[in-house]
Amino acid sequence: MSYKTNTLLLREATSTFFKQQYDASIEAQSVNIKTIPDDIEGDYSIVLFPYLKRFGVTPQDLGDKLAEYIQSQGIQCAKIEVVKGFLNLTFADAFWRNQLAQITEIGEDYAKGDSTGKKVVIEFCSPNTNKPLHLGHIRNILIGWSMSEILAYTGNDVKKVQIINDRGIAICKSILAWQQEGNGETPDSSGVKGDHLVGKYYVMFEKLFKKEYADWQESDAGEATYSENQKENEKKEHFFPRYKNTYFNTHSPIGKKAKELLLAWESGDTEVVGLWQKMNGWVYEGFDETYDALGVSFDKLYYESDTYLLGKDIIAKGLTDGVFYQKEDNSTWVDLEHKGLDQKLVLRSDGTSVYITQDIGTAIERHKDFGFDQMIYVVGNEQDYHFQALFATMDKLEVPYAKNMHHLSYGMVDLPSGKMKSREGTVVDADDLVKEVISVAEDSAKESQFLADFSADEKSEVYRNIGLGALKYFILKVNAKKRMTFDPSQSVDMHGVTAPYIQNAYVRIQAILTKSEDVKNLPENYSWQPQEKKLISLLDHFNVVISHAAQQLDPSLVAHHVYDFAKEYHRFYNDHKILGAESPEAMNARLMLSRQVGLAIKVGMRLLGISMPQRM
RNA sequence: GGUCUUGUAGCUCAACUGGAUAGAGCAGCUGCCUUCUAAGCAGCAGGUUUCAGGUUCGAGUCCUGACAGGAUCACCA
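Residue numbers for the first sequence, in this note's numbering: 607 to 1222.
Written out as structure tokens, the structure is:
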């Protein structure tokens, strides 16, 4: 890209200044440039403190020389002075004009990165097939989607994948309950979305099991087990919850049936596999609807039923190579203590896989599929340890890309009432939430005079953009790594730091542009107003923000910057007339600026997965 | 208990990676639509950045320790 940001120009100038003046090599990147607080005069400030001791100079002395050099490099300043340890400079109008002219020359994608030639695979969502998607998945999906957009925009070749946990005891529970209680019910016959239908039977299984367990506790067998296995003076209400898993695995008739289903599946029993395919098929149709509603898609899906046996050969090879070791019971382990981790099991004593085994296999499989340079897993932070162990193991296996595997660890979503718990029915369902936000958007938009001549389809598209935008923005504006509180009533708020606020700024710009002539050139001599300079400097800084977001795997940086665009634009819009500006120069300058801000907002929101209405 | 992580206004979040007087929104109060979309703008009020030390020109940010939340420490996924 030919465009150089304000800060980059200053950094480079400062770096070469030190080279020439002191023969010192100071990386342009390391030069500390700050924007100046509003109440102090100036646009940017170069922090001089770090160099004072090193070169034995006073701030004044160094600042004066640097100021002279900067101006000699064609960076036009209206004022440049040393204040304490800062060199504060105010750019001249011509400089602002120049920067904006370069930006508008390139247009919409002025902040786009050049191709890096790097391939990035990003895995996100990765649901189980026994339950519909919920709020936690939504955060995962939005972060994953936005991250892939950002990585693509910064020049990477991005592939979006997910691994679907379609096998195991959970789906067998749904199948069993459906066999026993379902009477052949299907999504078509019931009108229930497939994933919700399968989820219904999962819940039903849990209820059946709960009742069975409760009855058993009262039975002679239950009493006997309690008196045999209780710890010293342990009360029943402590013992039985603790014993629940053991009961499921050893005593429970219904648990036994579920496990028999799993075994039958594993041995390829055609009837069970057929049923499993049928019910998973319902789930996938349901998931696809949800993905469509959210506006996301994937490049490749991996199914655990295909991958769960992967990795065993790698373990076998690693065992002969001495990467792994076996214990007396034939279980296989990897020692990660040199990384401050524990010893980790990679194969059970009966030779079957555990979670990390298939993750090793899948990673290698994916590398064969895509030859990625970087692999990103968007997975909740409860798996931090798992991924540390996985990456350490990959490193020990000496795969060359081990160091480029990252865990984008996001925090749990809490409700104001606390944690979401499926047992207590406090899970926020993804489909319900999407419907809810769109309907709130409709309620607040349907009165709008600006939509009067829109068709019903056009209107509902607007409601969708606003409602979905509000939801997405609400979630993405929070730093992904942090645990966040989700208040359903705030997520559908349409004022303040929200998508509709930002969309409104965009819509205002569109309204002006449709009423104006197409302007192509910036006036030569125009004296920029403070708010206009602020907008140009936000435009200027945009690509720095995007590349930070890509490096740090954090979409919230983009979200905040887009909000700044909107906020600054709303202010500017309130204080200055554009079409009725005081001079033709002012009007042209403001039109060019407005159009570019509109483009930047649209791009920024697209990186968050949010679409813009033309009117609202 | 070990490891990791978080703690900023009543609430939800920022703070350009160590810079100047810690900023937004929500909730509360007050103004501004005959004028480019009021889903907007302007203002008032709200803070000992959990606490105690340390590092330095300078700390919400780095270090140590306490306190308080959370996660994890399965032959579960």
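Glycine included, every Cβ here is placed at the ideal spot set by N, Cα and C. Note that the coordinates shown come from a computational prediction; the quantities given were computed from them, not determined experimentally.
{"Item": "Between the C-alpha atoms of Y1079 and E674, what's the straight-line distance to the nearest angstrom?", "Value": "45 Å"}
{"Item": "Suppose the cutoff is 6 Å on Cβ atoms and the five residues either side in sequence are ignored; what does the same chain contact list for W751 look like?", "Value": "V902 and G1215"}
{"Item": "Distance, Cα to Cα, I1184 vs V1113?", "Value": "15 Å"}
{"Item": "So, helix, strand or coil for Q627, using DSSP?", "Value": "helix"}
{"Item": "Which same chain residues, not among the five before or five after A864, have their C-beta less than 7 Å away from its C-beta?", "Value": "I775, C778, K779 and L782"}
{"Item": "How many whole angstroms separate the CB atoms of V726 and V764, which I take to be in contact at a CB cut-off of 8 Å?", "Value": "5 Å"}
{"Item": "Which same chain residues, not among the five before or five after I686, have their C-beta less than 6 Å away from its C-beta?", "Value": "A673 and L695"}
{"Item": "Let me make sure I understand the geometry here. Which of L1145, A1047 and M1090 has the alpha-carbon closest to that of I744?", "Value": "M1090"}
{"Item": "Return helix, strand or coil for C683, following the three-state DSSP convention.", "Value": "strand"}
{"Item": "Which residues in the same chain have their Cβ closer than 7 Å to the Cβ of Y897, if we skip the five residues on either side of it in sequence?", "Value": "S903"}
{"Item": "From T968 to N734, what does the alpha carbon distance come to, in whole angstroms?", "Value": "17 Å"}
{"Item": "I'd like the span of the beta strand (DSSP E) that includes S651, first residue to last.", "Value": "Y650 to V653"}
{"Item": "Would you tell me roughly how many angstroms separate the C-alpha atoms of K918 and M1000, rounded to the nearest one?", "Value": "14 Å"}
{"Item": "Figure out for me which residue from L748, H1101 and N1071 has the closest Cα to the Cα of D1160.", "Value": "L748"}
{"Item": "Could you tell me which residues DSSP puts in a beta bridge with V1020?", "Value": "The sequence given here places Asp at residue 1020; Val does not occur at that position. Bridge partners of D1020: T1091."}
{"Item": "Quick one: what does DSSP say E791 is sitting in, helix, strand or coil?", "Value": "coil"}
{"Item": "Beta carbon of K1083, beta carbon of S1015: below 7 Å?", "Value": "no"}
{"Item": "Just to confirm the assignment, what range does the beta strand (DSSP E) spanning K1065 have?", "Value": "Here K1065 belongs to no beta strand (DSSP E); instead the alpha helix (DSSP H) covers A1062 to L1082."}
{"Item": "Identify the residues that DSSP records as bridge partners of S959: which are they?", "Value": "L953"}
{"Item": "For G957, tell me which candidate among D927, S937 and M1018 has the shortest Cα-Cα distance.", "Value": "S937"}
{"Item": "May I have a chain-ordered list of the alpha helix (DSSP H) segments no shorter than 4 residues that lie completely inside the stretch 708 to 760?", "Value": "741 to 759"}
{"Item": "Determine whether the beta carbon atoms of Q1109 and M1018 lie at a separation below 7 Å.", "Value": "no"}
{"Item": "On a Cα-Cα basis, can you pick out the residue from I712, I1152, L1141 and K837 that is closest to R1177?", "Value": "L1141"}
{"Item": "Just to confirm before moving on: does the CB-CB distance between D801 and F697 stay below 7 Å?", "Value": "no"}
{"Item": "Whose CA, out of V1098, T1032 and L1057, lies closest to the CA of I1044?", "Value": "V1098"}
{"Item": "When the distance is taken between beta carbons, is L1003 closer than 7 Å to G1232?", "Value": "The structure shown does not extend to residue 1232, since the chain is modelled only from 607 to 1222, so the question has no answer here."}
{"Item": "Specify whether the stretch 983 to 995 and the stretch 943 to 955 touch according to this definition: at least 3 beta carbon pairs, one from each stretch, less than 8 Å apart.", "Value": "yes"}
{"Item": "When you compare the CB positions of M1198 and L1128, do they come within less than 7 Å of one another, or not?", "Value": "yes"}
{"Item": "Measuring CA to CA, which of D990, I982 and N746 is closest to A1156?", "Value": "I982"}
{"Item": "Counting only the same chain and skipping the five closest in sequence on each side, list residues whose C-beta sits under 7 Å from that of S1023.", "Value": "T1032"}
{"Item": "With DSSP as the reference, please indicate the residues paired to L598 in a beta bridge.", "Value": "With the chain covering only 607 through 1222, there is no way to say anything about residue 598."}
{"Item": "How is M885 classed by DSSP in three states: helix, strand or coil?", "Value": "helix"}
{"Item": "So, are the CB atoms of Y1226 and A1172 less than 7 Å apart?", "Value": "For the chain, the structure presents residues 607 to 1222; residue 1226 sits outside this window and is missing."}
{"Item": "Please state whether DSSP places W939 in a helix, a strand or coil.", "Value": "strand"}
{"Item": "Let me know the secondary structure DSSP gives V689 once reduced to three states.", "Value": "strand"}
{"Item": "Take I921 and list the residues in its own chain whose beta-carbon comes closer than 8 Å to its own, dropping the five residues that flank it on each side.", "Value": "F930, T938, V952, L953, T963 and I966"}
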